[in-house]
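The sequence shown begins at 59 in my numbering and counts up by one.
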Amino acid sequence: MACDLEVDTDRMRKASALLVLAAECDGIVERRYGCLSAAGRADGPPGFREAARLAIVRADQCMAAASALASHAGRLADFLRTAADSFDRAEQLCAAGG
Numbered sequence: 059m060a061c062d063l064e065v066d067t068d069r070m071r072k073a074s075a076l077l078v079l080a081a082e083c084d085g086i087v088e089r090r091y092g093c094l095s096a097a098g099r100a101d102g103p104p105g106f107r108e109a110a111r112l113a114i115v116r117a118d119q120c121m122a123a124a125s126a127l128a129s130h131a132g133r134l135a136d137f138l139r140t141a142a143d144s145f146d147r148a149e150q151l152c153a154a155g156g
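Put into structure tokens, the structure is as follows:
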């Protein structure tokens with residue numbers, strides 16, 4: 059009994075590989091606050107200090123969001139790989155008559 063599940067597992071694996079790359083980008087991003095810390099010096103104008111403080115808060119929030127997104131991308135990559143493997147095994151079993 060032959061069957062074709064019509065699932066493009068190669069494309070699933072390629073999508074998984076792209077998600078792995080996206081997840082790895084989290085480790086590449088570095089915090090760089092040089093210009094912010096210079097603007098936020100204690101002897102700087104109060105408006106600049108406040109703007110620098112708010113910019114650093116936003117940068118921290120962006121870093122946290124990027125880290126969470128990278129984590130989700132990594133998990134999704136694992137799910138796609140597992141699904142592709144499962145579909146391949148199911149198709150092999152079906153082709154073998156099992």
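Ideal Cβ placement from N, Cα and C applies to all residues, glycine included.
Subject >> Alpha-carbon spacing of Val-78 relative to Ala-122, whole angstroms >> reply: Position 20 of the sequence shown, counting from 1, holds the residue named residue 78. Position 64 of the sequence shown, counting from 1, holds the residue named residue 122. C-alpha separation (whole angstroms): 18 Å.
**OP:** State whether the region 69–77 contacts the region 138–145, with contact taken as three or more CB pairs (one from each stretch) at a distance under 8 Å.
**Re:** yes
Original post:
What's the C-alpha gap between Arg-147 and Cys-120?
Top reply: Sequence index remark: in the sequence shown, residue 147 carries index 89 (1-based). Sequence index remark: in the sequence shown, residue 120 carries index 62 (1-based). About 41 Å.
**OP:** Classify Ala-154 as buried or exposed, calling it buried when 16 or more other Cβ atoms lie within 10 Å of its own Cβ.
**Re:** Along the sequence shown, one-based indexing puts residue 154 at 96. Exposed is the call here.
Original post:
Where does Pro-103 fall in DSSP's three states?
Top reply: The residue given as residue 103 occupies position 45 in the sequence shown. Coil, per DSSP.
Original post:
What residue from Leu-134, Phe-145, Ala-81 and Pro-104 has the CA that sits closest to Asp-66's CA?
Top reply: The residue labelled residue 66 in the question sits at position 8 within the sequence shown. Nearest C-alpha to Asp-66: Phe-145.
Original post:
If you draw a straight line from the alpha carbon of Ile-114 to that of Gly-102, how long is it in whole angstroms?
Top reply: Position 56 of the sequence shown holds residue 114. Position 44 of the sequence shown holds residue 102. Their backbone Cα atoms lie some 16 Å apart in a straight line.
**OP:** Check the C-beta distance from Ala-131 over to Ala-81 and give it rounded, since I have them as a contact under 8 Å.
**Re:** The residue you call residue 131 lines up with position 73 of the sequence shown. The residue you call residue 81 lines up with position 23 of the sequence shown. Indeed they touch by this definition, with Cβ atoms about 4 Å apart.
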